[in-house]
Structure formats: C-alpha cells, structure tokens
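K.L.:
Okay, handing you the structure first.
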Amino acid sequence: MNDCEGQIRISMTHGNICNGVKSFMLILSVLASFNVTAQSVFLPSTALSLDDLNNFRPASQSWQIAGEVLTHPKKDQLLVSHPGKGILVYTPEQKAAENLVSLFEHGDIELELEYMLPGGAASGVYFQGRYEIQLADSWGDQKLVATDAGGISASWDEEKEQSFQGRPARLNVSRAPGLWQKLKIVFEAPRFDKQGKKIKNARFVQVMHNGVLIHENVAVTGPSRGALSEDEKPTGPLMLEGLSTGVAYKNIRYKKFGATPPVLDKIHYSYFEGAFEKAEDFAQLKPTAVNQIEELSWNLGNSKNDFAYRFTGNLIVEKAGAYIITLEAGGRSSMELDNSAVFPDQRVSQRSKILELDAGSHTFALTYYKKDQWIKPALGLFIEGPGFSRHALHAVNSLPDPEPISPVIVEPMKEPRVLRGFIQHSGRKKTHIVSVGEPGNINYTVDLQQGALIKIWKGDFVDVTPMWHSRGHTQLMIPLGSVVELSGAPVVASLKDKNTPWPDSLNTSQIRIKGYELNEARRPTFRYIVENVSVEDYIAPEDDSKSLARTILLSNLRENSNLWVRVAEGQQITRLDNGAYNINKGEYYIRLEEAKKSKPIIRERENGQELIVPVRADKGSGRVKYSLIW
Numbered sequence: 002m003n004d005c006e007g008q009i010r011i012s013m014t015h016g017n018i019c020n021g022v023k024s025f026m027l028i029l030s031v032l033a034s035f036n037v038t039a040q041s042v043f044l045p046s047t048a049l050s051l052d053d054l055n056n057f058r059p060a061s062q063s064w065q066i067a068g069e070v071l072t073h074p075k076k077d078q079l080l081v082s083h084p085g086k087g088i089l090v091y092t093p094e095q096k097a098a099e100n101l102v103s104l105f106e107h108g109d110i111e112l113e114l115e116y117m118l119p120g121g122a123a124s125g126v127y128f129q130g131r132y133e134i135q136l137a138d139s140w141g142d143q144k145l146v147a148t149d150a151g152g153i154s155a156s157w158d159e160e161k162e163q164s165f166q167g168r169p170a171r172l173n174v175s176r177a178p179g180l181w182q183k184l185k186i187v188f189e190a191p192r193f194d195k196q197g198k199k200i201k202n203a204r205f206v207q208v209m210h211n212g213v214l215i216h217e218n219v220a221v222t223g224p225s226r227g228a229l230s231e232d233e234k235p236t237g238p239l240m241l242e243g244l245s246t247g248v249a250y251k252n253i254r255y256k257k258f259g260a261t262p263p264v265l266d267k268i269h270y271s272y273f274e275g276a277f278e279k280a281e282d283f284a285q286l287k288p289t290a291v292n293q294i295e296e297l298s299w300n301l302g303n304s305k306n307d308f309a310y311r312f313t314g315n316l317i318v319e320k321a322g323a324y325i326i327t328l329e330a331g332g333r334s335s336m337e338l339d340n341s342a343v344f345p346d347q348r349v350s351q352r353s354k355i356l357e358l359d360a361g362s363h364t365f366a367l368t369y370y371k372k373d374q375w376i377k378p379a380l381g382l383f384i385e386g387p388g389f390s391r392h393a394l395h396a397v398n399s400l401p402d403p404e405p406i407s408p409v410i411v412e413p414m415k416e417p418r419v420l421r422g423f424i425q426h427s428g429r430k431k432t433h434i435v436s437v438g439e440p441g442n443i444n445y446t447v448d449l450q451q452g453a454l455i456k457i458w459k460g461d462f463v464d465v466t467p468m469w470h471s472r473g474h475t476q477l478m479i480p481l482g483s484v485v486e487l488s489g490a491p492v493v494a495s496l497k498d499k500n501t502p503w504p505d506s507l508n509t510s511q512i513r514i515k516g517y518e519l520n521e522a523r524r525p526t527f528r529y530i531v532e533n534v535s536v537e538d539y540i541a542p543e544d545d546s547k548s549l550a551r552t553i554l555l556s557n558l559r560e561n562s563n564l565w566v567r568v569a570e571g572q573q574i575t576r577l578d579n580g581a582y583n584i585n586k587g588e589y590y591i592r593l594e595e596a597k598k599s600k601p602i603i604r605e606r607e608n609g610q611e612l613i614v615p616v617r618a619d620k621g622s623g624r625v626k627y628s629l630i631w
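If you count by the numbering used here, then the sequence shown holds residues 2 to 631, one letter each, in order.
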C-alpha cells in the first residue's frame, strides 16, 4: 500500500474550513485548460498610527506606546523591553480593566492587525464598539468555545441572565504565548431603514486567524457582552478590550467601505459572427448586429461560440484615486480606458491592474471573442477602489458560477500520513518534498534534496485537489492550517570554521539522499549522507502536539568533524532568560537540548542572524535535538 492509500476524504460539507481554498479550486476547475495569469494586486489600506495615542480617546497609563514587547520569562505578563514607537501595549496597573476606544468610526470595514498575549490572557476587538472577536491564550486547546481565540463573543440576556449566540472558531490555530498572531476581519455593519429601524443584522463576512479562515458569513443579532453601547447604529468606533491581563497590538490597518462604486454608462456593442483567431480578423468587418444595452454582457441571445463582441461606453467615477480593474474572460479579450491599453489582446482567464483615475467620465472599449468550443463563454469586469470593495460592472448572467467540484482533502486518521508531491515555497514550486500530517493537527514539510524543514503548520493537513483533480492544474498541495515558512537551506553542512557562510544548497557530491523509512508509528526517519557521515533526521510532535521535536543523529563521525547543524535563521534571534530562543521578535521559539560539547552560536549573516550548533563526536556519533514552538 502506498503512503496515500486510504487517506482521502471527499469533502462536500458547506462551511468547511477549506471554503477559501474551495473557492479557488472551483475557479481552477473551470479555467484549468487555458492560460491563467495569477496576480496579487491590492489597494493600500490605512495604517492606524501607533507613534502615540492621539488616535484614541484619552486613556490611563496602562495603555502605552513601545518599540518592542516580550513576555516575562517566569510570569504570565508582558514587559516593555524597549521604548520606541509602533507597538500599542496594555499592562494593567493593579489588575484594573480599561478599554481603548478609537476616535475614528466605521461602518463596513476590513481590518488587519497583529496581537500578542501572555500566558492565560484574554482580550477582544469590538467592531463599532459592539461586536467582539475574542482574543485569548488558546494555544494547544483541543475543544474550542466562544471565549477562545477567534470566537465571536456571545450577547447577554439580562432577563434570563444567560449568554446566547456566541460561536467558537472552526479551528484552533492559536500560537504560543508571547508570539505575534494575525487577524484579518471583514465586517459588515447592520442596516437600517429611513425610520431608523434595523432591517439587517451586523455580519462577520470573513475572519482569518493566522492565515486560516475560521468564520464566514456569520450574522450577529446584537452587541456582544461588554460592548461600549447596547444600542445598534450604522457606525461606531473600534474598541480594544483591556482586561486584568496584558495585550499588545501592532500593524493595525483598515479599509472603510460605504462609498458609491463607479458605473458603466451608455454601453453599446457590435456583434460579429465567425471563428476569429485575432482581433484584426474582424476589425474591418461589418457587424452582424449593433445595439445599446443596460449592462455589460456577452450573453445577449446570440451564439455561444464563434463570435466576437466590441463594447464601448463610459465609466463614471465619483472620486479620484487608485482603482483595481479586473477582467475575466473565457476566450480572448482586451480593454482600453481613455484610449489607452489596460489589457492587451490575450487568452488569459483573469488579470488585474491598478489605475489612477480622475473623477468624471472615462471612455472604455472592451473586446471579447471566442472560437474554442471547450472553453465556456464568460465575461466579467470588476472594479475596487477608495471606500468600496470589489464590485461587478457586468450582468450576473455574463459570468456564470464555476462548476462545483469536491475538493480532495488528505487527513491523518489514527496515525501520521506521509504524502509525496509538490508544494509552494518562497514563491517557487518545490518538487522533491514529503509532507507529514499528524493526528494532533500538527504538520510539516521536508525538502528531500536538502534535508531542509521548509514548512510547519497547525490545523488540517493538505488539500491535494490541484494535484489530483482533472489534469492537475498547478500540481500543488495546499497546507490547510496556520503556516510558518522556514528556510530551504540544508540543515547539516560542512564549515571550515564558525565564520564560514552557510550554503544555500548542497549539490549531489555534498549530500546523498537515502530516502526515508517509516517506524512502527508510521513516522518517517529521513536519511542522507553528508561528508561521508550518515545522518538520520526524525521529527515528531511533543507536549500534546503543541510543538515539534527534531532529532538529528550523525554516525561515522570523526573527532575533528567540521559538521554543523543550522537550527534557525531570521532577521533577529534572541536568547531568552529561560534558555529558549525567540526568532524574528515573536514568530516562533526554538528550545535546544543542552549538550556539554555542542554549544550553540548566534552569528550574523548577510540578511540577519542564524543559530548554528557544532556537531561533536562521542564514540563516533553525534546528536542535536531541538524543538520548534509556535
């Protein structure tokens, strides 16, 4: 039986944690057979300045601005380790509780921030001062409730003296106390009629915790317990909860929505019949039909194949600024705005571009044509800009929903799952990798060519739909949890001395890969030979799957060996008072097993620092063991 046999679950459950991945895969299923231009185009958000407290209502000295913050090595509290700017930290005096309220108010909003909690702490972010996303030290908790990290806090019924409508996160992807964690939340404010009566509840459209979707389209009927106000209104301030424990925030950014999006006006089209290879083939032809339409659409009752459309009209913009234009087409397409090319004539399914547009009317011209029967006709035009999210400028029937497919999810059952395949790392496809999923929802990926641990994550294991569905469009497995990406450099290397730069990679004369073997627990031991020294690399969960322990054993080792193990690399590595190492000011921790002869070294490198350990021979063998904690 191969490593994948018996491991596949076909997921069709609505609301699965993989919904974000599902949406991506649904698009791939439709577009897999023709060119796709993958682009990451984003409009900048507004940064909430943390140089001082001027953006908040007056607060006590429990709230302050700092340059760096760490957790106390022996106590569950935060310490301001360096003065400066950029970090908002709450260290309550005498266990008092005090909330911090923003001066700005919002309705619909997209909010991103990073936060840090000490052990056992709790806090919360209240949208409009009323609807709370819970922050809590939930690291390693197996069963979640609404008061755990990422939970939507409950409301309180005074008459019944009980809470209601709280909702826990779908998945626990909390990181260890003292590490920075990320939230990205899209919130939709409640709606009211002209008389002020609420006609639609507030809604958390999307909540992402450490890169993982934990809530989607969750309506809340009223304010959470502890809200700034019990009433509901179209707008309100952002409120950061201060309880009897500390909390820190940084990189708070937001986009407020509510502006009127641009519209298309005076849309005319010319329709041509024929199987055209390029736009020049029908440029001089007399159109079969011409007309004016209310909405942009290819679906006008004409043919579904062997056709061409040329649309013209005006784009009416109310406010000058930066706008994202996105064009989707099942076939060939091009677009001009104010007689300047936005997208050239190509067969590309989706492409986006940021344009600076003045207020007023802009002429547009769009060409769309198709002759290949295996491509489904589709035409969509979207715009995103100041004060509004992505908005469709086309008719609903012009861009049909992609055909649904069931994603192929690999999950561990009662034992680890070992999966060969491809994965994305540092923006490139890694082809010689092994990913291992553990029953305790802690997972990792190893690059077999270098003996490098390249990804670790908590949560579900992998979605392999891009590898196994249809023709396997991207051939990638997608981790389904909160990922920490590590270096792709080898873990063991030969150095002339402690100042020799660490190699980015080893060639086949420097490292010989010997594959891996599964033990009785079905965990792999990776084997390779470096400098004629045999290396066994074993990774396993520890501390109830809160961390991963990596043990590197070397045999046939000479007394004067020049082999080293690189444990970590990053912009900054700090040794803590408890003996652990803080990587990148709160990205993850390293805990090294103490060894009398193998003393670790933090050394400078070109773009930061690295933690390396010399391998010393003891009766012909050596050992380095460390734990990754996140």
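Where a beta carbon is used, it is the ideal one built from N, C-alpha and C, also for glycine.
Which whole runs of the alpha helix (DSSP H) in the stretch 266–325 are 4 residues long or more, in chain order?
P.N.:
List check, alpha helix (DSSP H) in window: 281–284.
K.L.:
Give me the DSSP bridge partner(s) of K185.
P.N.:
In the DSSP output, where bridge partners are listed per residue, K185 has E113 and M209.
K.L.:
Do F277 and Y370 count as a contact pair if the criterion is CB distance below 7 Å?
P.N.:
Their beta carbons are under 7 Å apart, which means Y370 touches F277 by this criterion.
K.L.:
Helix, strand or coil for N398? Go by DSSP, reduced to three states.
P.N.:
In this structure, N398 counts as helix in the three-state DSSP scheme.
K.L.:
Taking DSSP's pairing of strands, which residues face W458 in a bridge?
P.N.:
DSSP, once it has assigned bridges, lists N444 and V484 as partnering W458.
K.L.:
How is the beta strand (DSSP E) around P525 delimited, first residue to last?
P.N.:
First-last of the beta strand (DSSP E) with P525: P525 to V531.
K.L.:
Ignore the nearest five residues each way along the sequence and tell me which others in A596's own chain have a CB closer than 6 Å to its CB.
P.N.:
Within the same chain, A596 has no close Cβ partners at all.
K.L.:
Tell me S103's beta-bridge partners as DSSP assigns them.
P.N.:
Answer is F57.
K.L.:
With 16 other CB atoms within 10 Å as the buried threshold, where does F104 fall?
P.N.:
The identity of residue 104 in the sequence shown is Leu, whereas the question assumes Phe. Classification of L104: exposed, given that the 10 Å Cβ count is below 16.
K.L.:
Would you give the residue range spanned by the alpha helix (DSSP H) that W469 belongs to?
P.N.:
Unbroken alpha helix (DSSP H) run through W469: T466 to W469.
K.L.:
For G125, report the span of its beta strand (DSSP E) as first-last.
P.N.:
Its beta strand (DSSP E) spans residues A123 to F128.
K.L.:
Could you tell me the alpha carbon to alpha carbon distance between Y590 and T466, rounded to whole angstroms?
P.N.:
Using only the alpha carbons, I get a separation of about 32 Å.
K.L.:
So for E217, helix, strand or coil by DSSP?
P.N.:
E217 falls in the strand class under three-state DSSP.
K.L.:
Alpha carbons only, please: which of A150, L136, P84 and P235 is nearest the one belonging to Q129?
P.N.:
Closest by alpha carbon: P235.
K.L.:
Within 10 angstroms of its Cβ, does D505 collect 16 or more other Cβ (buried), or is it exposed?
P.N.:
Exposed, by the Cβ-count rule.
K.L.:
By Cβ distance, which residues of its chain are closer than 6 Å to P417, with the 5 residues on each side in sequence left out?
P.N.:
Around P417: V437, E439, R523 and R524.
K.L.:
Counting beta carbon pairs with one atom in the stretch 297–312 and one in the stretch 339–349, are three or more of them shorter than 8 Å?
P.N.:
Verdict: no, contact absent.
K.L.:
Label F165 either buried or exposed according to how many other C-beta atoms from any shown protein chain fall within 10 Å of its C-beta, with 16 as the threshold for buried.
P.N.:
So F165 counts as exposed.
K.L.:
Could you give the C-beta distance for N315 and K267, rounded to a whole number, given that I count them as a contact under 8 Å?
P.N.:
That pair is a contact at about 5 Å.
K.L.:
For a quick check, are the C-beta atoms of G108 and A220 less than 7 Å apart?
P.N.:
Contact: no.
K.L.:
Under 7 Å between the Cβ atoms of P601 and V614?
P.N.:
Yes, they are a contact pair.
K.L.:
Contact check, I325 vs L44 under 8 Å by CB: the rounded distance?
P.N.:
So it is a contact: roughly 6 Å between Cβ atoms.
K.L.:
Could you work out which residue in G381, L449 and K586 is closest to S334 when comparing CA atoms only?
P.N.:
The residue with the shortest Cα to Cα distance from S334 is G381.
K.L.:
What did DSSP end up calling E94 once you bin it into helix, strand or coil?
P.N.:
E94: helix per DSSP, three-state reduction.
K.L.:
Under the rule that 16 or more other beta-carbon atoms within 10 Å means buried, what is R58, buried or exposed?
P.N.:
Its Cβ having fewer than 16 others within 10 Å, R58 is exposed.
K.L.:
Under a Cβ-count criterion, where at least 16 other Cβ atoms within 10 Å of its own Cβ denotes burial, should V568 be classed as buried or exposed?
P.N.:
That one is buried.
K.L.:
Please report the straight-line C-alpha distance between F205 and E94, rounded to a whole angstrom.
P.N.:
About 33 Å.
K.L.:
Where does K354 fall in DSSP's three states?
P.N.:
Strand, per DSSP.
K.L.:
For S622 and S556, which I take to be in contact (beta-carbon distance under 8 Å), what is that distance rounded to the nearest angstrom?
P.N.:
At roughly 5 Å, the Cβ-Cβ gap stays under 8 Å, so S622 and S556 are in contact.
K.L.:
For E231, I'd like the list of residues in its chain whose CB is within less than 7 Å of its CB, leaving aside the five on either flank, ordered along the chain.
P.N.:
P224, listed in sequence order.
K.L.:
Buried or exposed, going by whether 16 or more other CB atoms sit within 10 Å of the CB of M468?
P.N.:
When all chains shown are included, M468 counts as buried.
K.L.:
Rounded to the nearest angstrom, what separates W64 and L89 at their Cα positions?
P.N.:
Distance between the alpha carbons of W64 and L89: 7 Å.
K.L.:
Measuring alpha carbon to alpha carbon, tell me which of P178, S82 and T222 ends up nearest I153.
P.N.:
Ranking P178, S82 and T222 by Cα distance to I153 puts T222 first.
K.L.:
Mapping DSSP to helix, strand and coil, what is I512?
P.N.:
Note: I512 maps to strand in three-state DSSP.
K.L.:
When DSSP builds the beta bridges, which residues end up paired with Q425?
P.N.:
Per DSSP, K430.
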